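Engineer: The C-terminal position of the sequence shown is numbered 293 in this note's numbering, with every residue numbered one higher than the one before it.
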Amino acid sequence: MTGCRCGLIGTGIGASLSPALHEAEGSHHHLGLTYTLFDAESPADLERLLDEAERAGFAGLNITHPFKQQVIEHLDDLSPNARAIGAVNTVVFSGGRRHGHNTDAYGFAESFRSQLDGAATGHVVQLGAGGAGAACGHALRGLGAERLTIVDPDAERGAELAGRLGAAHVREAGPDLLADADGLVNTSPIGMHHHPGIPLPAESLHRGLWVVDIVYMPVETELLRAARSAGLRAVGGTAMCAFQAAAAFELFTGRIPDIARMLRNLSHLLERGNADRDHH
14 MTGCRCGLIG
24 TGIGASLSPA
34 LHEAEGSHHH
44 LGLTYTLFDA
54 ESPADLERLL
64 DEAERAGFAG
74 LNITHPFKQQ
84 VIEHLDDLSP
94 NARAIGAVNT
104 VVFSGGRRHG
114 HNTDAYGFAE
124 SFRSQLDGAA
134 TGHVVQLGAG
144 GAGAACGHAL
154 RGLGAERLTI
164 VDPDAERGAE
174 LAGRLGAAHV
184 REAGPDLLAD
194 ADGLVNTSPI
204 GMHHHPGIPL
214 PAESLHRGLW
224 VVDIVYMPVE
234 TELLRAARSA
244 GLRAVGGTAM
254 CAFQAAAAFE
264 LFTGRIPDIA
274 RMLRNLSHLL
284 ERGNADRDHH
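(1) Would a C-beta distance cut-off of 8 Å place A147 and I98 closer than the cut-off?
(2) Let's see if you can read the secondary structure: which residues bound the beta strand (DSSP E) around Q139?
(3) Does the beta carbon of V101 fall short of 7 Å from some heavy atom of the ligand GTP?
(4) With distances taken from CA atoms, which of L161, R246, K81, L44 is nearest L21?
(5) Short of 6 Å in beta carbon distance, which residues of its chain neighbour T234, apart from the five on each side in sequence? Order them along the chain.
(6) Is it true that the CB of A258 sits closer than 8 Å to the CB of H43?
(7) Can you tell which of S107, S92, G109 has its C-alpha closest to the C-alpha of T116?
(8) In chain order, what residues of the same chain lie with their CB nearer than 6 Å to the CB of E67, ignoring the 5 residues before and after it?
(9) Taking 7 Å as the limit between beta carbons, can you name the residues of its chain near A100, skipping five residues before and five after?
(10) Taking all protein chains shown into account, decide if A152 is buried (16 or more other Cβ within 10 angstroms of its Cβ) or exposed.
(11) Using only alpha-carbon positions, find the residue among V183, R220, H78 that is nearest to D193.
(12) Which residues in the same chain as L62 place their Cβ atom closer than 7 Å to its Cβ, once the five residues preceding and following it in sequence are excluded?
(13) According to DSSP, simplified to helix, strand and coil, what is C149?
(14) Can you name the residues that DSSP bridges to C19?
(15) Using a Cβ-Cβ distance cut-off of 8 Å, determine whether M205 contacts chain D.
(16) Note down the Cα distance separating R110 from D90, rounded to an integer number of angstroms.
(17) My output table needs one value for I272: the three-state DSSP class, helix, strand or coil.
(18) Under three-state DSSP, which class holds G265?
(19) Is V84 helix, strand or coil when you go by DSSP?
(20) Report yes or no: do three or more beta-carbon pairs, one from the segment 117–124 and one from the segment 176–183, lie closer than 8 Å?
(21) Ordered along the chain, which non-local residues of its own chain (more than five positions away) have a Cβ less than 8 Å from that of E159?
(22) Excluding the 5 residues preceding and the 5 following A175 in the sequence, name in chain order all residues of the same chain whose CB lies nearer than 7 Å to its CB.
(23) Start and end of the alpha helix (DSSP H) containing N94?
(24) If you measure between the beta carbons of A239 and L218, is that distance less than 8 Å?
Written out as structure tokens, the structure is:
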């Protein structure tokens, strides 16, 4: 296969590392792969860009915030995983049809297994019930989370996801939220470069808690810094990003990616980005 065209639709994605990550892996497979960013502001943009990419012969598109749930109405079918999660981050164009997949749940689960193997999952608190939150909550159930508490200020969205996962929903993180929790997962945007801050008070992070923040830009968020300074096991979003990208790459190209190589590439790209920011 030569000249494989892929891309990403989302809002405010100019700093995305997906083009460099996918194109580097594509070059190892001699695919001539190109990966294009499509910044979309509205559902109308989403529909138009899907149409244009399909007409242009793209192999597929990744979908990110805020369209992972909205994109479903524009697809012909969903993988069982995407249907169960209720969110899509990868669309494959094939045989005149649009197939929706979710590689976020796989990315989260593989990252967790590789970095938090053996961690207790009796009660996990998850911040966020959006598209990424739906995937992570689904993955947490698969990883054996017995009790799951979803925190999201959007009452309808939080209750809907909690209902599908058999979880509890609260609208805000109260002072006792983490009291009996084994783990905390942040799937909200708080901590990203454009949404700086920490999603709950650092003093609520107690001894024995493990923390996952799926944000990967910056590599170390305020939440991760607070967790590590308290001596807790804390994992950022870099590995999840690499694993989900590798799964999407395979869906787009039919080739088996080298996940270790993609993880190394992503780490280098993030280090270079940090160095560039430090010099400005």
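From the three backbone atoms N, C-alpha and C, an ideal C-beta is built for every residue, glycine too.
In this text the structure is predicted, and so the values were computed from the model without any measurement.
Structural biologist: A quick look at the data gives this:
(1) yes
(2) 136–140
(3) The model depicted lacks the ligand GTP and carries no ligand whatsoever.
(4) K81
(5) G204, D226, V228
(6) no
(7) S92
(8) F106
(9) K81, Q82, N115, G144, A147, A148
(10) buried
(11) R220
(12) I22, F51, A53
(13) helix
(14) Y48, G73
(15) The question asks about chain D, but that chain is absent: this structure has only one protein chain.
(16) 8 Å
(17) helix
(18) With the sequence shown as reference, residue 265 is identified as Phe, and Gly is not the correct amino acid for it. Of the three classes helix, strand and coil, the one that applies to F265 here is helix, per DSSP.
(19) helix
(20) no
(21) T134, G135, H136
(22) I163, A181, H182
(23) 93–98
(24) yes
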